[in-house]
Amino acid sequence: MTSAFATPVGQPWFHYHEGQLYAEDLALSELAERHGTPLFVYSRAALRGAWERYARAIEGRDALICYGMKANSNLSVLREFAQAGAGFDIVSGGELARVIAAGGDPGKVVFSGVGKQAWEMRAALRAGVMCFNVESEAELQQLSEVAQAEGLTAPVSLRVNPDVDPGTHPYISTGLKENKFGIAIADAPAVYARARELPGLHLVGVDCHIGSQITELSPYLDALEKLLDLVRDLEATGLLIEHMDLGGGLGIRYQQEVPLEPKALLDAVYARLEARGMLELPGQPGRSRRIVLEPGRSLVGNAGVLLTRVEYLKPGEVKNFAIVDAAMNDLLRPTLYEAYHGILPVVPRAGETARYDVVGPICESGDWLGRDRELDLQAGDLLAVESAGAYAMVMASQYNTRPRAAEILVDGDRHYVVRERETVAQLMAGESLAP
Ligand code: LLP
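Quick note on numbering: the numbering used here labels position 41 of the sequence shown as 41, and the sequence is numbered without any gaps.
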């Protein structure tokens, strides 16, 4: 077979030009030459393009996009969204510190997660976050104590588990009964009632997050209907639910998926709210209930590639292996979720292809990036692993004492090193030889 490489998925910002793969106006081969591999390369135009889709969706609405920063928390990526007016969905004190370091507004931060520690609650209270998304009664109790000790009031939503199936991978589906996340929706009224009695808390909203890489509208609308029933019941008891947070989860294109448009989602959400007469806050004419979303992957996933160089070709009886210099420590998704990431030659050859498993140098059979890929390869060739902007660098480890990759942000024909490559010395810096 001759080399028939696909054009990059999802994004016009990575494209072939004069026989080479580019990020915006820069040849990826030049970046690899200059900064080495493995190398994460992000496109600023792609980040802006992804944000624009959300900006169009919230235009003219009291809606807030809180970037689910666990997907990619590089300071320059955060800064990009902060400057565009985004809020942030955080899950740790460390993420809060990053928001602040990047110039984000803590007043637009929602704090999610099942295991918030007291010090993290304190830091978030002092920073003045918009809302704590609380996931259990025990957590409510602790938050109440921490807030009282600080002499502050914690704005609270309960994260409810609406028990809907988002139709995605079990590891990234979170809204089913058997998950550890949230409070069962049937128990929610009782927990809200208890929360009302606790000092130091102010109930402001309701929250859910049903899963990730969702490409259908219906799971969102199923969850929304259940949440609206709950809001109606809560408001009948005199509570005011100022905002509804529907979480993140919008899918991206890894292969042939057709992503959900943020505007299509929000148009449908607002139509339901209006149809049920629940857009306006009760007793507050003209003031609309605020909708919050926490998208992560859909803002960054297609904005990045992982560049890697072929070290060795190892032909085999049943399989050919292309051993590359990136590994599961750089990109865990293939082995953890059996996730598919496209793999493109940076400078395609015109010869015969063979079928390769693209694998890393780590001492684990699970160390693979792609299986059964038709490629025309020689040692030394550069490959680009697609859709590596989300849940890639943030999930990287130093397994096998492999320093983590550098990160580059491309802007037109300019580029910035937004994270330096780690060194082996840094990896050992905190260690010592016991006497
Ligand atoms: N909000 C909450 C409460 C979340 O738990 C998540 C993701 C998000 C928002 C953002 O979801 P997104 O829009 O990115 O789907 N490591 C996995 C994905 C784990 C997602 C965890 N929670 C992966 O590589 O596919």
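Quick reminder that beta carbons are idealized off the backbone N, C-alpha and C, glycines included.
So for residue i, helix, strand or coil by DSSP?
i: Y340; result: coil
i: P435; result: coil
i: S29; result: helix
i: T308; result: strand
i: F181; result: coil
i: S73; result: coil
i: P345; result: strand
i: G283; result: coil
i: A4; result: With a pLDDT of only 42 at A4, under the threshold of 50, the placement of this residue in the model should not be trusted; the figure read from the coordinates follows. In the structure shown, A4 sits in coil (DSSP, three-state: anything other than H, G, I, E or B).
i: N164; result: Asn is not the amino acid found at residue 164; the sequence shown has Val there. Note: V164 maps to coil in three-state DSSP.
i: N302; result: helix
i: I65; result: strand
i: H209; result: coil
i: A264; result: helix
i: D229; result: helix
i: G412; result: coil
i: P155; result: strand
Could you give the C-beta distance for residue i and residue j, rounded to a whole number, given that I count them as a contact under 8 Å?
i: L158; j: V191; result: 6 Å
i: L217; j: A184; result: 24 Å between Cβ atoms; not a contact.
i: Y312; j: A379; result: 6 Å
i: P106; j: V129; result: 5 Å
i: K116; j: E139; result: 6 Å
Any heavy atom of the ligand LLP closer than 7 Å to the Cβ of residue i?
i: Y337; result: yes
i: L250; result: yes
i: G296; result: yes
i: S112; result: yes
i: Q256; result: no
i: M395; result: yes
i: A118; result: no
i: R98; result: no
i: S89; result: Looking at the sequence itself, residue 89 is Asp, so the reference to Ser does not match. Yes, the beta carbon of D89 sits closer than 7 Å to at least one heavy atom of the ligand LLP.
i: R44; result: no
i: S212; result: yes
i: A124; result: no
i: Y391; result: yes
i: K180; result: no
i: K263; result: no
i: A50; result: no
i: H209; result: yes
i: R53; result: no
i: K226; result: no
i: K70; result: yes
i: R253; result: no
i: G247; result: yes
Quick one: does residue i have its CB under 8 Å from some CB of chain B?
i: A429; result: The structure shown has no chain B; it contains just one protein chain.
Which residue's Cα is closest to the Cα of residue i: the options?
i: G113; options: F81, V204, N179; result: N179
i: A50; options: G316, L336, Q20, W13; result: W13
i: R373; options: E352, V146, P435, R276; result: E352
i: L260; options: E431, I214, L234, V300; result: I214
i: S136; options: F181, E120, A118, G93; result: F181
i: S73; options: Y399, L299, P219; result: L299
Does the separation of the CB atoms of residue i and residue j fall below 8 Å?
i: A322; j: L377; result: yes
i: E280; j: R287; result: yes
i: P162; j: K226; result: yes
i: W368; j: D357; result: yes
i: C208; j: G247; result: yes
i: V204; j: V231; result: no
i: I408; j: V99; result: no
i: H35; j: V417; result: yes
i: D325; j: R309; result: yes
Is residue i near the ligand NAP, with its Cβ less than 7 Å from a heavy atom?
i: Q11; result: Judged by which ligands are present, the ligand NAP is missing from the structure shown, whose ligands are the ligand LLP.
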